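Protein chains in written order, with this note's numbering: chain V, 1333 to 1577; chain R, 1333 to 1577; chain W, 1333 to 1577; chain F, 1333 to 1577.
Protein chains: 4
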Amino acid sequence: MAKKIKVTVWNEFRHERKTEAIAKIYPDGIHMAIARALRANPDMEVGTATLDEPEHGLSQAVLDATDVLLWWGHMAHGEVSDEIAARVQNRVLEGMGLIVLHSGHFSKPFKRLMGTACTLMWREVGEKERVWTIDPSHPIAEGIGPYIDIPHTEMYGERFDIPTPDQVVFISWYEGGEVFRSGCTFERGMGRVFYFAPGHETFPIYHQAEIQKVLTNAARWAAARVRLPQACRMVPAIEKITPRD
Amino acid sequence: MAKKIKVTVWNEFRHERKTEAIAKIYPDGIHMAIARALRANPDMEVGTATLDEPEHGLSQAVLDATDVLLWWGHMAHGEVSDEIAARVQNRVLEGMGLIVLHSGHFSKPFKRLMGTACTLMWREVGEKERVWTIDPSHPIAEGIGPYIDIPHTEMYGERFDIPTPDQVVFISWYEGGEVFRSGCTFERGMGRVFYFAPGHETFPIYHQAEIQKVLTNAARWAAARVRLPQACRMVPAIEKITPRD
Amino acid sequence: MAKKIKVTVWNEFRHERKTEAIAKIYPDGIHMAIARALRANPDMEVGTATLDEPEHGLSQAVLDATDVLLWWGHMAHGEVSDEIAARVQNRVLEGMGLIVLHSGHFSKPFKRLMGTACTLMWREVGEKERVWTIDPSHPIAEGIGPYIDIPHTEMYGERFDIPTPDQVVFISWYEGGEVFRSGCTFERGMGRVFYFAPGHETFPIYHQAEIQKVLTNAARWAAARVRLPQACRMVPAIEKITPRD
Amino acid sequence: MAKKIKVTVWNEFRHERKTEAIAKIYPDGIHMAIARALRANPDMEVGTATLDEPEHGLSQAVLDATDVLLWWGHMAHGEVSDEIAARVQNRVLEGMGLIVLHSGHFSKPFKRLMGTACTLMWREVGEKERVWTIDPSHPIAEGIGPYIDIPHTEMYGERFDIPTPDQVVFISWYEGGEVFRSGCTFERGMGRVFYFAPGHETFPIYHQAEIQKVLTNAARWAAARVRLPQACRMVPAIEKITPRD
C-alpha cells in the first residue's frame, strides 16, 4: 500500500471562538471543517494545529512529519512567532508543501516565501464570486468544471502583490466588478506552494464540495516528494584545472 | 534632456581594507571601481555607500533618491541590520531596481526578496569561467557577444536555490566541470532585480570591459520606472451588488 | 535625434467595407484609426498594410523596414497565405515586435508563434468590460490606472488556449460573468509579442484614449531592439578536448 | 490495479539501417532500445512506430491510444508529412504527453509546438558531457543525483532558440566549453512537453541507466491526465446584462 500523505491543517482559531455567527458556521473551527473534508480521502492522514497550542502546534517534530501544511490565519498574523514562521519557511524549502488559504496571503510564512508585500484590495459585503479554471489540465483542477460559483464571498481584488506565479490555475470574477488571481502555484526551494483565495470565515465556503475538492487536489499536488535541505558547500573540481599563471 | 538614472553602489568594503592582495586590485574598494565604470555613462549619476557608514550609507533619503542599487557583500552579511535590509526590500517593492553581485546571493536583501535559501556550490581556485548569453535580445545582453570569457574566477555551481527566474540571461561554464545560472532576472513588487554571479574580490573581474557593459545595461534595465507603494485597501463595489438573501 | 520606431498597422479591412454600421465607426478602416492614434507620437513612423494589397502589403522589404507590426484580422484569417504568415513569424523570430489585436487570436501568425489552439469563449451582446491592470510597473501599463472601463465590448472568456504568458499585464472582467487574460506578453526568438483583447469592429474601442495609450506603450515595448536571425551552426571546440578512446 | 501508461516510442529509424557503426550500438533501432528500457516499468505499456510505416505508424487510432509519445528523428525531418505533424501537435494540445529527444529539436512537431526556430550550435567529436540537475525536486529528476556524466556525446550549445521553458530541469556542461539547457519542460494546450538533449545515434547513451531513468520519469510526468479538445464556443451570459443604450 502506498504511503499516506501526512497533512497538517493549521488555523489561527480565534474568529470561531469570538464571534457567534462564525462559530455557527464552523463550530469546532475552520481547521476541523477542512480536516474532516480531507479525511474523506483514504490516501491522507490529517492532523491539526492551532495558534494557541505550545509552539503554535508546529514543533519541529510535527513539521518533520508533515508532507503538506494548510494555513488559515486572519486577525492574529502578528502573534505568530518569527521563529516558527521561519521554521515553516525552512521546512517548505526542504520539500514540505504549503497551501495558503484566503487571508493567509498576509501571514508571515507566505510573505517570507514570496518576498513581496502580498497586498490586495478587499470588500466584505457577501457578493457573488465565480472562480474560473484557467488551467484545466493542472492536477489542482482535476474534476473541477469551467468554474465554481460561490454565492457569498469576501472580495479580494487586484493588484495582488505577488511574484509572477508559476501557474495561475484559477482567476475569480466578482459581482462588484473586480478580478483576482485566486489560485496560484509557486515553487520555493524543494517545496510547492499553492495560494487559494476563497474561504472567508463568515461564509460556509469550506463546506462547499468543489472547494473541498480543490483542497484535496492541492494537498496531493503539493505533498512533499523529497526532503533535500540545501546548503552552500565547497566542492572539489571534477575536471582537471590548468594551474593559474 | 532626459532625467538621469540615479545609481547607488553599495559595498561591504571590508576585504579591500583587510587583505593587501585584494587592495591591490581594488585600491579604493570594489564600489569605487564599479562606480567609475558606471560614471562613464552620461545618463547616470552614481553615488556609493558602504557598511560602516551610519545606517550603512542607506538612509531612507538615500534610497528615496536611488533608481537602482548595486549590492556587493561577502564576509559581513550578518552585520547588515535587519531594519536596513527590510528598508532595501521595501524600496525594491516600491519600484527601485536592485543588482545583486556575486557573493551578494547570500545577502539579507536578496534572501528576503527571493524567499529561498539562495545556497550554491563554490570553489576558489582561480579557474576559467565562460559566461554564455542565453537571451541575446534581452536589454542586459545588449552589445555582448555569444559569451564572455573570465580568465580567473571563483566557481559558483548549481543547485542554486532561487525561485525560477523570469529570464535566465546568462549561464556560466566552468573549467572544473560545473554550470551556473549566472545572470537571472526577477520582478518583485514594482521593482526589478538582476543577480549577476561574476565578481570575486580576489580577481580583477570588475575591471573587465564586458562585465562593466553588463552592469551598465543592467542598471538601465532595472532603474525604477514608477514608485507605487502597495497597500491593502478596502474598496467600494464598482458594480451594483444584489443584496444578500 | 533618436531613431524613430517604424510601425506597420495591418488590417484585414473587410468588415469596414461590407457593413455600414462598422464603416460608420471606422470609415477608413480600423488600421487608419490605429495609425492616426500612433502617429500622434513623435517617436513613431507609422505605415499601414491590408489583406487585399499584393502580398497582403507585407513584402519582405516592408517587414524588413518594420520594427513592430500590429495585426487585426477576423473574418478572413484563411485568406492570409501560409507563405506570408510564415514570413511574419520568421521576422518576429529575428526581432520584429508583433501586437496581436482582438480576433487576431485566431490569425495564422499568432497561432504559428504560440503553437497552441488559441481558442476561447465569446459572446457579442455589447456588454461592459473592465480591463484590470495586473502588472502596473510593466511598460505597457505606463500611465494606465487600476483599470480601463469599456462600455460595450465583445466578451472573450477563458479558457484561452495559449502557453503560459511571460507576463499577464491585464485581466478583463465582463458584465456577463466571465474573466479573460486580455493583455499578455510572450517572447519568441528575438521578438516580443503582445496580445491585447479589446477591440471588436462594431464598437469604437480604438477611439478610446486609454486603449490608444496601451497600443502606444505596446509599440514602444515590442519594437525590435536587435535583428539576429538564428541558425544551426557547427562550431569548433573552445577548450581542448581529450581525444576519444 | 491502476491504469497503465500507454507509451509510443517513435523513431525515424534510418541511421541504424544505413550505417554499420550505428547498427552495432542500436541493432534493432533506437526505438527498440528505449522501448525495452521503458518496458521494465510495470506501470507502462510500450509500443513503437517508425517513419516508413503507413502514416509513419501514427494513425489517429494509435495517437488516440497513446498517453505519451517519445520522438527521435534526425536526418529525415522533411519526410514527416505535414498532416501527421499537425496530428501529433493537435493530440498534444488535447492532452497527450510528448518527449522530444536530441535531434528532435528540429522535428516538425516540436517546431510547431514551440513556434520558434529551435536552432542551436553543435559539434560531433565525442566529447564529454555532464548533465547538471537544476531542479532536483522535479518529478523528472527523481532518483537522479547532482549530475549525470556522459562519456561521449554530440555537443549541443546555446543559443537554443526556444520559448522560455516552464522549468529548466537539466543544464549540460561540455568538455569543449559550451553549456546547454538540456532538459526543458513546456505546457502546450492540455499536454506536457519535455525536451531532452542527450542521445546521439553514434553513442550508446540510451543504454545508460541514468538516461533510461530520466526517460521513465519523463514518461510518467508527461502522460496524459485529461483529454480536453479546445474549441471556440459562443456562450450565453451567466449574469444578467443591462441592455445597451
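Beta carbons: idealized from backbone N, C-alpha and C, even for Gly. Treat the numbers as computed from the prediction; the structure is a model and nothing was measured.
Taking only beta-carbon positions, decide if residue i is within less than 9 Å of chain V.
{"i": "K1440 (chain R)", "result": "no"}
{"i": "C1516 (chain R)", "result": "no"}
{"i": "G1436 (chain F)", "result": "no"}
{"i": "D1493 (chain R)", "result": "yes"}
{"i": "E1486 (chain F)", "result": "no"}
{"i": "E1510 (chain R)", "result": "yes"}
{"i": "E1459 (chain F)", "result": "no"}
{"i": "W1464 (chain W)", "result": "yes"}
{"i": "T1496 (chain W)", "result": "yes"}
{"i": "M1446 (chain R)", "result": "yes"}
{"i": "R1524 (chain W)", "result": "no"}
Under 9 Å between the Cβ atoms of residue i and residue j?
{"i": "D1481 (chain W)", "j": "R1455 (chain W)", "result": "no"}
{"i": "A1476 (chain W)", "j": "T1465 (chain W)", "result": "The displayed chain sequence assigns Ile, not Ala, to residue 1476 (chain W). Yes."}
{"i": "K1338 (chain F)", "j": "T1382 (chain F)", "result": "no"}
{"i": "V1432 (chain R)", "j": "W1403 (chain R)", "result": "yes"}
{"i": "T1448 (chain R)", "j": "L1425 (chain V)", "result": "yes"}
{"i": "H1291 (chain R)", "j": "Y1488 (chain R)", "result": "Because chain R in this structure spans residues 1333 to 1577, residue 1291 (chain R) falls outside the shown range and cannot be described."}
{"i": "C1450 (chain F)", "j": "F1492 (chain F)", "result": "yes"}
Would you report the Cα separation of residue i and residue j, rounded to the nearest angstrom?
{"i": "W1342 (chain R)", "j": "R1524 (chain V)", "result": "34 Å"}
{"i": "A1541 (chain V)", "j": "P1568 (chain R)", "result": "30 Å"}
{"i": "S1439 (chain R)", "j": "M1428 (chain V)", "result": "24 Å"}
{"i": "A1555 (chain W)", "j": "E1519 (chain W)", "result": "12 Å"}
{"i": "E1490 (chain W)", "j": "R1444 (chain W)", "result": "20 Å"}
{"i": "S1435 (chain R)", "j": "A1369 (chain W)", "result": "48 Å"}
{"i": "G1521 (chain F)", "j": "R1565 (chain F)", "result": "16 Å"}
{"i": "E1459 (chain F)", "j": "G1361 (chain F)", "result": "23 Å"}
{"i": "I1357 (chain V)", "j": "F1528 (chain W)", "result": "43 Å"}
{"i": "P1359 (chain V)", "j": "A1417 (chain V)", "result": "27 Å"}
Residue i and residue j look like a contact to me (Cβ under 8 Å); what is the Cβ gap, rounded to whole Å?
{"i": "I1472 (chain W)", "j": "G1509 (chain W)", "result": "In fact, because the Cβ distance is near 27 Å, the residues do not count as touching under 8 Å."}
{"i": "A1353 (chain W)", "j": "T1534 (chain W)", "result": "7 Å"}
{"i": "P1441 (chain W)", "j": "L1430 (chain W)", "result": "7 Å"}
{"i": "V1511 (chain V)", "j": "W1553 (chain W)", "result": "Actually they are not in contact, since the Cβ atoms of V1511 (chain V) and W1553 (chain W) sit about 23 Å apart, beyond 8 Å."}
{"i": "P1561 (chain V)", "j": "I1543 (chain V)", "result": "With 8 Å as the limit, P1561 (chain V) and I1543 (chain V) do not qualify as a contact, their Cβ atoms being about 33 Å apart."}
{"i": "P1468 (chain V)", "j": "V1558 (chain F)", "result": "7 Å"}
{"i": "H1347 (chain W)", "j": "H1409 (chain W)", "result": "Rounded, the Cβ-Cβ distance is 13 Å, inconsistent with contact."}
Under 9 Å, Cβ to Cβ, is there at least one residue of chain R near residue i?
{"i": "L1560 (chain W)", "result": "yes"}
{"i": "S1504 (chain W)", "result": "no"}
{"i": "A1306 (chain V)", "result": "The question about residue 1306 (chain V) has no answer here: the residues shown for chain V are numbered 1333 through 1577."}
{"i": "R1557 (chain W)", "result": "yes"}
{"i": "P1471 (chain W)", "result": "yes"}
Would you say residue i reaches chain W, if we count a Cβ-Cβ gap shorter than 9 Å as a contact?
{"i": "I1362 (chain V)", "result": "no"}
{"i": "N1422 (chain F)", "result": "yes"}
{"i": "V1501 (chain V)", "result": "no"}
{"i": "P1478 (chain V)", "result": "yes"}
{"i": "W1342 (chain V)", "result": "no"}
{"i": "R1513 (chain V)", "result": "yes"}
Run through DSSP, which three-state label would residue i get?
{"i": "G1343 (chain F)", "result": "The displayed chain sequence assigns Asn, not Gly, to residue 1343 (chain F). Reduced to three states, the DSSP call for N1343 (chain F) is strand."}
{"i": "A1554 (chain R)", "result": "helix"}
{"i": "G1475 (chain W)", "result": "coil"}
{"i": "E1510 (chain F)", "result": "coil"}
{"i": "R1419 (chain R)", "result": "helix"}
{"i": "M1566 (chain F)", "result": "strand"}
{"i": "E1532 (chain V)", "result": "Note that residue 1532 (chain V) is His in the sequence shown, not Glu. Three-state DSSP puts H1532 (chain V) in coil, outside helix and strand."}
{"i": "V1394 (chain W)", "result": "helix"}
{"i": "R1371 (chain V)", "result": "helix"}
{"i": "R1349 (chain W)", "result": "helix"}
{"i": "V1449 (chain V)", "result": "Reading off the sequence shown, one finds Ala at residue 1449 (chain V), where the question assumed Val. In this structure, A1449 (chain V) counts as coil in the three-state DSSP scheme."}
{"i": "F1492 (chain F)", "result": "coil"}
{"i": "P1483 (chain W)", "result": "strand"}
9 Å is my cut-off, CB to CB: does residue i come that close to chain F?
{"i": "E1519 (chain W)", "result": "yes"}
{"i": "E1507 (chain W)", "result": "yes"}
Whose Cβ in chain B lies nearer than 7 Å to the Cβ of residue i?
{"i": "P1468 (chain R)", "result": "Annotation note: the requested chain B is absent from the structure, which comprises protein chains V, R, W and F."}
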